[in-house]
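> Add 64 to the 1-based position in the sequence shown for this note's numbering, that's all there is to it. Please read through the structure below; I'll follow up with questions.
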Amino acid sequence: MPWSVAKCIVAVVLCGACAVAPSAVRTAEPTAVEATRTTDRAATVEATRTAERAATVEATLAPAATVENAAVQTSTSSVEQSVQTVFKRMTLEQKVGQVFMLGFDGTRLNDTNRALVHDLHLGGVTLFGRNVENGLQVRQLTADLQSVADPVPLFVSADQEGGLVVRVTEGATVFPGNMAVGATHDPELAGEVARASASELLAMGINMDLAPVVDVNTNPLNPVIGVRSFGSDVHLVSDTSSQTVQSLQGTGVSAVAK
């Protein structure tokens, strides 16, 4: 083949390649751009939908939360108004009596403890072993005491710690003491024990438990506390005591940490 012809053939091939390559490039570029645009559009649509869903949920929940908060505020306000109404009607002697919580003798309402509660306008009473025979008797006693309370219902308290320190043993459950409960390292279990105890206390008319003991048992020379403590670890005692208090009060019994 003559050299001139060969050169022409090569030139034609090269020109054809040059003609095809730009076309391929031009075809590929829109494809990549289109893919990017499609991805961007999809992301934009998804973001818009997410924002719309969030706005819808917010619009739905906001009124419910507002109503709930308003109900709580109204309830709290109503209670405060009732308290203020009663307080304004009380005499100075009655107000002074409300800061006292006393013990007394006997397992039944008699003239002496009737006068103690009614005439002194006591804020509360504390039950000791001398006032207790069994759960049913305690329920009757507390009901009788409340019937003569003036001008507001009594706080009726007792040391119902569990373990070694309990006031009602007959007709009531004697729950394990604090150290036994603390040994489980389970604050939630302590809360369950407290709820069960509180339910029994309320059934007997006792609305205040002089418990729990919140001492950290780090002093061996202090035997008064001993097994009445949840333990020697401050974090364990803190968590378990907190759960106990919440459970007592959540059930309707005032807790007295000591």
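Glycine is no exception: its CB is placed at the ideal position from the N, C-alpha and C atoms.
What's the C-alpha gap between F192 and L180?
16 angstroms
> When you compare the CB positions of R178 and V212, do they come within less than 8 angstroms of one another, or not?
Contact: yes.
> Determine the closest residue to D214 out of A262, E157, T190, with distance taken between C-alpha atoms.
Comparing Cα-Cα distances from D214 to each of A262, E157, T190, the minimum goes to E157.
> With DSSP run on the structure shown, which of helix, strand or coil describes V143?
helix
> Using DSSP with H/G/I as helix, E/B as strand and the rest coil, what is L191?
strand
> Using only CA atoms, which one of Q313, A236, G269, M268 lies nearest to P276?
Q313
> Quick check: does the Cβ of G226 come within less than 7 angstroms of any heavy atom belonging to the ligand GTP?
In the structure shown, the ligand GTP is absent, as is every other ligand, since no ligand is present at all.
> From the DSSP output, read off the bridge partner residues of M243.
According to DSSP, which records beta bridges pairwise, M243 is partnered with nothing at all.
> Give the list of continuous alpha helix (DSSP H) stretches no shorter than 4 residues that lie fully inside the segment 192–257.
199–211, 242–246
> Could you tell me the alpha carbon to alpha carbon distance between V284 and V257, rounded to whole angstroms?
A small fix is needed here, since residue 284 is Pro in this sequence, not Val. Roughly 27 angstroms between the two C-alpha positions.
> By Cβ distance below 7 angstroms, which residues in the same chain neighbour A244 in space, the five residues on each side in sequence not counted?
The residues are G227.
> Apply the 10 Å Cβ neighbour rule to E234 and answer buried if 16 or more other Cβ atoms are within range, or exposed otherwise.
exposed
> Smallest Cα separation from V160: which of D279, T315, E144, L184?
L184
> Applying the 10 Å Cβ sphere with the 16-neighbour rule, what's the burial state of Q148?
exposed
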